[in-house]
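**Student:** Got a structure for you, questions after.
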Amino acid sequence: MSQVEIPVFTAPRSLKPVVTHFCPGCQHGTVHRLVAEALDHFAVQERTIGVASVGCSVFLYEYFAIDVVESPHGRAPAVATGVKRALPDRVVFTYQGDGDLAAIGTSEIIHAANRGEALTVIFVNNTTYGMTGGQMAPTTLAGQQTSTSPYGRDPANDGSPIRMAELLAQLDGTRFSARVAVDSPRHVIQAGRVIREAFATQIQARGFAFVEVLATCPTNWGMNPVQANQRIAAELIPCFPLGTFKKIESQS
Amino acid sequence: MDQRLFVKGNEAVAMGALAAGCRYYFGYPITPQSDIPEFTARELPRLGGTFIQAESEIAAINMLLGASACGMRAMTSSSSPGISLKQEGLSYMAGSELPGLVVNICRSGPGLGGIDASQADYFQAVKGGGHGGYRLIVLAPHSVQEMYDLALLAFDLSDRYRIPAMLLGDSVIGQMKEALIPHPRAQVELPPKDWAVRGKQEGAPQRVVKSLYLGDGELEAHNWRLHERYALLEARETRWEGLHTDDAELLVTAFGITARIAKSAVRMAREAGFKVGLLRPVSLFPFPREAFRTVTLVTKKVLCCELNTGQMVEDVRLSVARDAEVYFYGRPPGAGSLPTPEEFAEQIARYCGGAA
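Right, here's the structure in full:
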């Protein structure tokens, strides 16, 4: 009797079959995959343009089999605005970290959202600057030690963590805003669904969509991958609650 | 008969950009250039184009980067302090080999300075401005007509060489009204934009617009490639205007509004019998080095006039024949202190021997 192998799980078409440069236990790879699965789901790989930011995620074009524009630090929402206005029928997304989006690029993200640009923004919050070696980010937790907050983040001196998903949900131009995590199978499945929803928001011409993904940075947290993953539920989620903060079904 | 309009320089530059096929304007208000966003805000929607008043100069230049990465002709404009904010984006555009037009209607500085005409942004414009050792194509209009003409030329050069272009104007050129004869863009053959992102077609290779080069030797090769293109610009695309250079004992040089004043001064001095000529650089980068060298093989004295404390004069000194003498006359701007033709004529008489 002959046997036929039926693949039940394959690599997304929108990702290249390459090994990433990410550290062991880093969750960028997981988030990349979820974004690629969303592009595959809507079959838009051929008409998607990604905008890469500065930080660990700059190598977007090494991993995604799509056209990509590289942006200066924090400016991805402005670059993506130029791309989307030039090519309105393409699917355009930015992929940004917390230093990029919530510190140097605060102005660009708020105004792109406020204009209601039909973009999908994937925001990876790992509470630190990964690429530059673990400095304090706007999302660093109170008391968290980093290379530039060696005594722990002091809210009296450094302010408190910014909750971008809630903040952007306040703006009229934002049509979808949610926060997810990828620390457990349940959360990964949930995150995949939410990221798909964020692309649906753009594809169905509903406007600006934002997804914040809580993710690990084991290297700069000084943890092994398992400890880092456990920290998401123990410390990050209590400060950055998961959920959908805004969802408007009608077209913009 | 050609249409003859009476318009501001700022309107002319916007009209020239639209005639060049530019359909994307991104900008932020600042005096004395706000007529440009006001004009494009009114006209672009009628042409099916896009106007965005950005939240900052930084956002505006990055929107330009994005539209240009898609192969579109796009522009931004500002004035000196706003142009400083655009330097990051300009460096990324230069590194990413993206064309585009940036208009600088200069005002005076440093800092908030004032809104008077100034040429103190010469160094910033022609020496790079942002980080990383790049050049822009820099053209300096000296009339309303040239604001229009050079906007057209800037887009063609920028597309051909994949180098961002800057029009270096000033508040007088931007604000004054003169006759303008608009004309359609010249039909020149330009290389296809086969590098522009468009959403990867089925089976087509991926396109990436970027300035990060980390591979062994990649960045060095990238910089040499850019350098060679700048050298090509210098070899092919310098532009200048000469006046009475054949028999001149003294060569006056100036760009932009200062050249306008210098032209009147040269005419007055000629009428008074002084053998004086004028060489006006139209392209500030590439700088017309060879023109200066050739003229100063015969004319041994050069007077460089600027609305600053001496910037272009450095490039003049580097360009002239070895035994030529270069003098400088200029001043930083202040309220109502634009030099008069008589003032320049006095300087001409001072350096020009053999007065009639």
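From first to last, the protein sequence lines stand for chains A and B.
Residue numbering for the first sequence is 1016 to 1267, as defined by the working numbering.
Residue numbering for the second sequence is 10 to 365, as defined by the working numbering.
Every residue gets a Cβ at the ideal spot worked out from N, C-alpha and C, and that includes glycine.
Only a predicted model underlies this, so the values are computations on that prediction, with no experimental measurement involved.
Along the chain, where does the beta strand (DSSP E) that runs through Gly1174 (chain A) open and close?
**Tutor:** Reading the first sequence from its first residue, position 159 is the one you call residue 1174 (chain A). First-last for Gly1174 (chain A): undefined, no H or E at that position.
**Student:** Counting only beta-carbon atoms, is Lys219 (chain B) nearer than 8 Å to chain A?
**Tutor:** Looking up residue 219 (chain B) in the second sequence gives position 210. Yes - at least one Cβ of chain A is within 8 Å of the one on Lys219 (chain B).
**Student:** Quick check on Glu198 (chain B): does DSSP put it in helix, strand or coil?
**Tutor:** Here residue 198 (chain B) refers to the residue found at position 189 when the second sequence is read from its first residue. Glu198 (chain B): coil per DSSP, three-state reduction.
**Student:** Considering only the alpha carbon of each residue, which of A:Tyr1078, A:Leu1116 and A:Cys1071 lies closest to Pro1092 (chain A)?
**Tutor:** Counted from its first residue, the first sequence places residue 1092 (chain A) at position 77. Taking only the C-alpha atoms, the option nearest Pro1092 (chain A) is A:Leu1116.
**Student:** Given Pro1170 (chain A), which residues of its chain have a CB within under 8 Å of its CB, disregarding the five upstream and five downstream residues?
**Tutor:** In the first sequence, residue 1170 (chain A) corresponds to position 155, counting from 1. Only Ala1157 meet the Cβ criterion.
**Student:** Any residues in the region 46-61 of chain B with a beta carbon nearer than 8 Å to a beta carbon of chain A? Which ones, in chain order?
**Tutor:** Against chain A - using a Cβ distance shorter than 8 Å - the residues of the region 46-61 of chain B are Thr59 and Ile61.
**Student:** Since Glu1085 (chain A) sits in a beta bridge, which residues does DSSP pair it with?
**Tutor:** Reading the first sequence from its first residue, position 70 is the one you call residue 1085 (chain A). The partner list for Glu1085 (chain A) (beta bridge, DSSP) reads A:Ala1067.
**Student:** Where does Lys219 (chain B) sit, in a helix, a strand or coil, going by DSSP?
**Tutor:** Here residue 219 (chain B) refers to the residue found at position 210 of the second sequence. Coil, per DSSP.
**Student:** Can at least three beta-carbon pairs, one atom from the region 163-174 of chain B and one from the region 312-323 of chain B, be found at a separation below 8 Å?
**Tutor:** Short answer: they don't touch.
**Student:** Below 8 Å between beta carbons: does that hold for Ser1267 (chain A) and Gly1097 (chain A)?
**Tutor:** The count along the first sequence starts at 1 and reaches residue 1267 (chain A) at position 252. The count along the first sequence starts at 1 and reaches residue 1097 (chain A) at position 82. Their beta carbons are not under 8 Å apart, which means Ser1267 (chain A) does not touch Gly1097 (chain A) by this criterion.
**Student:** What first and last residue would you give for the beta strand (DSSP E) that runs through Pro290 (chain B)?
**Tutor:** On the second sequence, residue 290 (chain B) is found 281 positions in, with the first residue counted as 1. That run of the beta strand (DSSP E) goes Val285 to Pro290.
**Student:** Please name the residue or residues paired with Leu260 (chain B) in a DSSP beta bridge.
**Tutor:** One-based indexing of the second sequence puts residue 260 (chain B) at position 251. Paired residues: B:Gly286 and B:Val311.
**Student:** Taking only beta-carbon positions, decide if Lys1126 (chain A) is within less than 8 Å of chain B.
**Tutor:** Within the first sequence, residue 1126 (chain A) is the residue found at index 111, counting from 1. The residue you asked about is not Lys; residue 1126 (chain A) is His in the sequence shown. Closer than 8 Å: yes.
**Student:** Measuring only between beta-carbons, confirm whether Ala240 (chain B) sits less than 8 Å from chain A.
**Tutor:** In the second sequence, the residue the question calls residue 240 (chain B) occupies position 231. No - not a single Cβ of chain A is within 8 Å of the one on Ala240 (chain B).
**Student:** Looking at Arg116 (chain B) and Ser88 (chain B), is the spacing between their C-beta atoms short of 8 Å?
**Tutor:** Within the second sequence, numbered from 1, the residue matching residue 88 (chain B) stands at position 79. Within the second sequence, numbered from 1, the residue matching residue 116 (chain B) stands at position 107. The answer is yes: Cβ separation under 8 Å.
**Student:** Please list, in chain order, the chain B residues whose beta carbon lies closer than 8 Å to that of Tyr1078 (chain A).
**Tutor:** Reading the first sequence from its first residue, position 63 is the one you call residue 1078 (chain A). What Tyr1078 (chain A) touches in chain B: nothing, since even the nearest Cβ is about 11 Å away.
**Student:** Among A:Asn1140, A:Phe1214 and A:Leu1049, whose alpha-carbon lies nearest the alpha-carbon of Val1059 (chain A)?
**Tutor:** The residue you call residue 1059 (chain A) lines up with position 44 of the first sequence. With distances taken between Cα atoms, Val1059 (chain A) lies closest to A:Phe1214.
**Student:** Are the region 1238-1252 of chain A and the region 1193-1206 of chain A touching, with three or more C-beta to C-beta distances below 8 Å?
**Tutor:** Touching, yes, given that three or more Cβ pairs across the two stretches are closer than 8 Å.
**Student:** Taking 8 Å as the CB-CB cut-off, is Arg216 (chain B) touching chain A?
**Tutor:** Against the second sequence, residue 216 (chain B) aligns to sequence position 207. Yes, because at least one Cβ of chain A sits closer than 8 Å to the Cβ of Arg216 (chain B).
**Student:** Ser1086 (chain A) and Glu64 (chain B) - do their beta-carbons sit closer together than 8 Å?
**Tutor:** Locating residue 64 (chain B) in the second sequence gives position 55, counting from the first residue. Locating residue 1086 (chain A) in the first sequence gives position 71, counting from the first residue. No, these two residues do not count as a Cβ contact at 8 Å.
**Student:** Which residues bound the beta strand (DSSP E) around Ile61 (chain B)?
**Tutor:** Position 52 of the second sequence, counted from the start, is the residue given in the question as residue 61 (chain B). Segment Thr59 to Gln62, the beta strand (DSSP E) holding Ile61 (chain B).
**Student:** Any beta carbon of chain B sitting closer than 8 Å to that of Thr1273 (chain A)?
**Tutor:** Given a span of 1016 to 1267 for chain A in the structure shown, any question on residue 1273 (chain A) remains unanswerable.
**Student:** Sort B:Ser100, B:Gly208, B:Ala205 and B:Asp256 by Cα distance to Gly141 (chain B) and report the nearest one.
**Tutor:** Translated into the one-based positions of the second sequence, residue 141 (chain B) becomes position 132. Ranking B:Ser100, B:Gly208, B:Ala205 and B:Asp256 by Cα distance to Gly141 (chain B) puts B:Ser100 first.
**Student:** Would you list, in chain order, the members of the region 1044-1057 of chain A that have their beta-carbon closer than 8 Å to a beta-carbon of chain B?
**Tutor:** Against chain B - using a Cβ distance shorter than 8 Å - the region 1044-1057 of chain A contributes no residues.
**Student:** Give a yes or no on whether the minimum CB-CB distance between Thr1096 (chain A) and chain B is below 8 Å.
**Tutor:** Working through the first sequence from its first residue, we reach residue 1096 (chain A) at position 81. Yes, contact with chain B.
**Student:** I'd like to know whether the C-beta atoms of Val1073 (chain A) and Leu221 (chain B) end up nearer to each other than 8 Å.
**Tutor:** Taking the first residue of the first sequence as position 1, residue 1073 (chain A) is located at position 58. Taking the first residue of the second sequence as position 1, residue 221 (chain B) is located at position 212. Yes, the pair counts as a contact, with Cβ atoms nearer than the cut-off.
**Student:** Kindly list, in the order they appear in chain B, the residues whose Cβ is closer than 8 Å to that of Arg1208 (chain A).
**Tutor:** Position 193 of the first sequence, counted from the first residue, corresponds to residue 1208 (chain A). Residues of chain B passing the Cβ test: none, with the nearest at roughly 25 Å.
**Student:** Quick one: which residues of the region 85-104 of chain B get their C-beta closer than 8 Å to a C-beta of chain A? List them in chain order.
**Tutor:** Per Cβ criterion, the list reads Glu97, Gly98 and Tyr101.
**Student:** If we count the other Cβ atoms within 10 Å of its Cβ and call it buried at 16 or more, is Ala95 (chain B) buried or exposed?
**Tutor:** Residue 95 (chain B) sits at position 86 when you count from the first residue of the second sequence. Rather than Ala, the amino acid found at residue 95 (chain B) in this sequence is Lys. Its Cβ being crowded by 16 or more others within 10 Å, Lys95 (chain B) is buried.
**Student:** Note down, in chain order, all residues in the region 1154-1187 of chain A with a beta-carbon under 7 Å from any beta-carbon belonging to chain B.
**Tutor:** Here the close residues number zero.
**Student:** Note down the Cα distance separating Leu110 (chain B) from Leu161 (chain B), rounded to an integer number of angstroms.
**Tutor:** Stepping through the second sequence from its first residue, residue 110 (chain B) is reached at position 101. Stepping through the second sequence from its first residue, residue 161 (chain B) is reached at position 152. One C-alpha to the other measures close to 10 Å.
**Student:** Taking just the CA atoms, how far does Glu237 (chain B) sit from Glu227 (chain B)?
**Tutor:** Looking up residue 227 (chain B) in the second sequence gives position 218. Looking up residue 237 (chain B) in the second sequence gives position 228. Their backbone Cα atoms lie some 15 Å apart in a straight line.
**Student:** Short check: CB of Thr308 (chain B) to CB of Gly282 (chain B), under 8 Å?
**Tutor:** Residue 308 (chain B) sits at position 299 when you count from the first residue of the second sequence. Residue 282 (chain B) sits at position 273 when you count from the first residue of the second sequence. It is not a contact, given that the beta carbons lie outside the stated cut-off.
**Student:** Which residue comes first and which comes last in the alpha helix (DSSP H) that contains Met386 (chain B)?
**Tutor:** Beyond the ends of chain B as shown, which are 10 and 365, falls residue 386 (chain B); an answer cannot be given.
**Student:** Suppose the cutoff is 8 Å on Cβ atoms and the five residues either side in sequence are ignored; what does the same chain contact list for Ala365 (chain B) look like?
**Tutor:** One-based indexing of the second sequence puts residue 365 (chain B) at position 356. Because Ala365 (chain B) carries a pLDDT of 46, less than 50, the predicted location of this residue cannot be relied on, and no value is offered for it.
**Student:** The beta strand (DSSP E) spanning Lys1262 (chain A) covers which residue range?
**Tutor:** Within the first sequence, numbered from 1, the residue matching residue 1262 (chain A) stands at position 247. Per DSSP, Lys1262 (chain A) belongs to the beta strand (DSSP E) from Gly1258 to Lys1262.
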